[in-house]
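For the sequence shown, the UniProt record's numbering assigns the number 1 to the initial residue and increments by one for each residue that follows.
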Amino acid sequence: MPSPERAALAGRTVSRVGYGAMQLERLHHDRAAAVALLRHAIDLGVDHVDTAQFYGAGFVNDVIREALASGDDALIVTKVGAVSDSGGPLPLRLAQRPDELRASVEDNLRALGLDRIPLVNLRRADRRPGLVAEGDQRVDLDDQLAVMTALRDEGKIGAIGLSAVTLDVLRRALPAGIACVQNAYSLVNRDDEEMLELCAAENIAWVPFFPLGGAFPGLPKVTDEPAVQAAATALGRTPAQIGLAWLLHRAPNVHLIPGTASAAHLKANLAVADITLEGETLAALAAIPARPMPADLR
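What follows is the structure in structure tokens.
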């Protein structure tokens with residue numbers, strides 16, 4: 001069944017294929033090119049841009065502020081829970097405490113030149129892949145939601161999302177009003193099927209990251225699957241396009257935020273919304289065995 005091209009996200013109806021801005025940091029050496037690429041995305045119809053202040057140590061948000069004209073009506077989504085740390089062993093460190101979450105929202109507001117951010121995702125740190133909280137960074141969910149709801153009540157953010165969370169955390173957070181969940185999910189990593197179903201039932205947008213798998217060494221890649229490659233050949237598409245299109249067909253509340261620093265790749269990503277996967281193809285893709293996330297990455 002063809003997927004509708006638009007769906008609800010944080011009280012808006014937007015195109016189901018947005019743009020993940022993290023890859024803009026690859027153009028750090030050429031700011032004008034980064035601005036032009038994002039401007040091109042908006043001109044092609046992108047109206048959902050996903051970002052974070054720690055992407056490129058602030059470079060990405062600066063590009064977004066410059067690229068988006070006052071007349072653009074793009075839904076800007078950011079995330080908090082970590083900050084840049086150029087002098088550390090990793091380019092970012094966790095910032096999970098309520099005071100740090102508030103400071104991160106304020107930093108995003110200033111960098112983006114906004115009075116209100118339509119949607120802010122709380123990136124939890126109790127689940128891999130990624131950093132796991134230790135010491136004073138192990139913060140109770142209720143304390144985090146308290147500051148997020150206060151920021152929403154103050155009008156500084158429009159809606160609250162969650163990222164990298166467990167099913168239990170989502171269930172605990174539901175009374176706060178959750179607009180979206182960003183978790184690792186793909187054709188070859190379907191650990192969170194039950195959470196996706198709950199989101200669909202609760203009208204919560206599902207925004208998968210690592211949508212083609214293979215984000216870490218040893219993890220399977222969607223594009224390596226013979227059934228994906230066969231579908232790509234039959235439909236005259238790339239394997240990556242088939243993997244992304246499957247996600248759109250998986251449930252009507254799925255939104256994609258593929259990122260790229262290439263104009264050609266951007267066009268290919270946006271074209272995914274026009275791909276129709278018929279029953280036989282969907283059955284072949286559904287037969288691909290899902291691989292649980294390795295224990296050391298959970």
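Here a beta-carbon is modelled for each residue, glycine too, at the ideal position from N, C-alpha and C.
Let's see if you can read the secondary structure: which residues bound the beta strand (DSSP E) around alanine 179? For this step, residue 179 is matched to residue 179 along the sequence shown. Note, alanine 179: beta strand (DSSP E), 178 to 182.
Would you check if the stretch 259 to 268 and the stretch 157 to 177 touch, i.e. whether three or more CB-CB distances between them fall below 8 angstroms? no
Return the chain-ordered list of same chain residues with a C-beta closer than 8 angstroms to the C-beta of leucine 145, the five sequence neighbours on each side being excluded. For the purposes of this step, residue 145 is taken as residue 145 along the sequence shown, with counting starting at 1. For leucine 145, where only same-chain residues beyond five positions count, the Cβ hits under 8 angstroms are Leu122, Ile160, Ala173, Ala176.
Would you mind working out which of Leu92, Asp153, Asp191 sits nearest threonine 166, comparing C-alpha positions? One-based indexing of the sequence shown puts residue 166 at position 166. The residue among Leu92, Asp153, Asp191 with its C-alpha nearest the C-alpha of threonine 166 is Asp191.
I'd like the ranges of any beta strand (DSSP E) spanning at least 3 consecutive residues and lying wholly in the stretch 102 to 150. The qualifying runs are 119 to 123.
Nearest-angstrom Cα separation, counted from methionine 195 out to glutamine 53: Within the sequence shown, numbered from 1, the residue matching residue 53 stands at position 53. Within the sequence shown, numbered from 1, the residue matching residue 195 stands at position 195. For glutamine 53 and methionine 195, the distance between alpha carbons rounds to 27 angstroms.
Of all the options Ile178, Leu198, Phe210, which has the alpha carbon lying nearest to the alpha carbon of proline 129? Here residue 129 refers to the residue found at position 129 of the sequence shown. Minimum Cα distance to proline 129 is reached at Phe210.
Using beta carbons (cut-off 8 angstroms, strictly below), is glycine 81 in contact with chain B? Absence of chain B from the displayed structure is noted, only one protein chain being present.
What are the start and end residues of the alpha helix (DSSP H) that includes arginine 31? Here residue 31 refers to the residue found at position 31 when the sequence shown is read from its first residue. For arginine 31, the uninterrupted alpha helix (DSSP H) segment begins and ends at 31 to 43.
Look up isoleucine 157 in the DSSP assignment and say whether it is helix, strand or coil. Counted from its first residue, the sequence shown places residue 157 at position 157. The answer is strand: DSSP assigns isoleucine 157 an E or B state.
Can you tell me the Cα-Cα spacing of aspartate 136 and glutamate 100, whole angstroms? Taking the first residue of the sequence shown as position 1, residue 136 is located at position 136. Taking the first residue of the sequence shown as position 1, residue 100 is located at position 100. Roughly 12 angstroms separates the two Cα atoms.
Who are the near neighbours of aspartate 47 in its chain, counting only those whose CB is closer than 7 angstroms to its CB and skipping five residues on each side? Counted from its first residue, the sequence shown places residue 47 at position 47. Once the five neighbours on either side are set aside, the close Cβ partners of aspartate 47 are Val14, Ser15, Asp73, Ala74, Leu75.
Would you kindly report the start and end of the unbroken alpha helix (DSSP H) that includes aspartate 62? The residue you call residue 62 lines up with position 62 of the sequence shown. Note, aspartate 62: alpha helix (DSSP H), 59 to 67.
Could you check whether the Cβ of asparagine 269 sits closer than 7 angstroms to any heavy atom belonging to the ligand ATP? As far as ligands go, the structure on display features none, and thus does not contain the ligand ATP.
For aspartate 50, three-class secondary structure by DSSP: On the sequence shown, position 50 is the one that residue 50 refers to. In this structure, aspartate 50 counts as strand in the three-state DSSP scheme.
Classification of alanine 41 by the beta-carbon crowding that lies within 10 angstroms, buried from 16 upward: What you label residue 41 is simply residue 41 of the sequence shown in a count that begins at 1. With 16 or more Cβ atoms within 10 Å of its Cβ, alanine 41 is classed as buried.
Between the C-alpha atoms of alanine 276 and alanine 232, what's the straight-line distance to the nearest angstrom? Start at 1 with the first residue of the sequence shown, and residue 276 comes out as number 276. Start at 1 with the first residue of the sequence shown, and residue 232 comes out as number 232. Checking the sequence shown, residue 276 turns out to be threonine, not alanine. Distance between the alpha carbons of threonine 276 and alanine 232 is about 12 angstroms.
So, at 7 angstroms on beta carbons, what are the nonlocal neighbours of threonine 223 in its own chain, with the 5 sequence-adjacent residues on each side left out? The count along the sequence shown starts at 1 and reaches residue 223 at position 223. Hits under 7 angstroms: Leu212, Pro239, Ala240, Gly243.
Where serine 3 falls: helix, strand or coil (DSSP): By 1-based counting over the sequence shown, the position of residue 3 is 3. Because serine 3 carries a pLDDT of 45, less than 50, the predicted location of this residue cannot be relied on, and the following value inherits that uncertainty. Here serine 3 carries a coil assignment [DSSP, helix/strand/coil].
With distances taken Cα to Cα, identify the nearest neighbour of alanine 286 among Ile178, Asn189, Pro217, His265. Position 286 of the sequence shown holds residue 286. The candidate whose alpha carbon is nearest that of alanine 286 is Asn189.
Contact check, valine 17 vs leucine 256 under 8 angstroms by CB: the rounded distance? Here the question's residue 17 lines up with position 17 in the sequence shown. Here the question's residue 256 lines up with position 256 in the sequence shown. Yes, they are in contact, since the Cβ atoms of valine 17 and leucine 256 sit about 5 angstroms apart, within 8 angstroms.
Taking only three categories from DSSP, how would you classify proline 289? Numbered from 1 along the sequence shown, position 289 holds the residue referred to as residue 289. Of the three classes helix, strand and coil, the one that applies to proline 289 here is coil, per DSSP.
Would you decide whether serine 86 is buried or exposed? Buried here means 16 or more other CB atoms lie within 10 Å of its CB. Along the sequence shown, one-based indexing puts residue 86 at 86. With fewer than 16 other Cβ atoms within 10 Å, it is exposed.
Judging by CA-CA distance, which residue of Met22, Arg65, Ala245, Ala150 is the nearest neighbour of arginine 39? The residue given as residue 39 occupies position 39 in the sequence shown. Nearest C-alpha to arginine 39: Arg65.
Length of the line joining the Cα atoms of leucine 248 and proline 208: Your numbering for residue 248 matches position 248 in the sequence shown. Your numbering for residue 208 matches position 208 in the sequence shown. In a straight line, the C-alpha of leucine 248 is about 10 angstroms away from that of proline 208.
With a threshold of 16 other CB atoms inside 10 Å of the CB of arginine 124, please say whether the residue is buried or exposed. Translated into the one-based positions of the sequence shown, residue 124 becomes position 124. Classification of arginine 124: buried, given that the 10 Å Cβ count is 16 or more.
Starting from the C-beta of alanine 179, find all residues in its chain whose C-beta is less than 8 angstroms away, skip the five residues before and the five after it, and write them out in chain order. Within the sequence shown, the letter at position 179 stands for residue 179. Cβ within range, chain order: Leu9, Ala10, Gly11, Leu119, Ala159, Ile160, Gly161, Ile204, Ala205.
On the CB-based measure, 16 or more other CB atoms within 10 Å of its CB, does aspartate 50 come out buried or exposed? Locating residue 50 in the sequence shown gives position 50, counting from the first residue. Residue environment for aspartate 50: buried (at least 16 other C-beta atoms within 10 angstroms of its C-beta).
Look up leucine 27 in the DSSP assignment and say whether it is helix, strand or coil. Start at 1 with the first residue of the sequence shown, and residue 27 comes out as number 27. Reduced to three states, the DSSP call for leucine 27 is helix.
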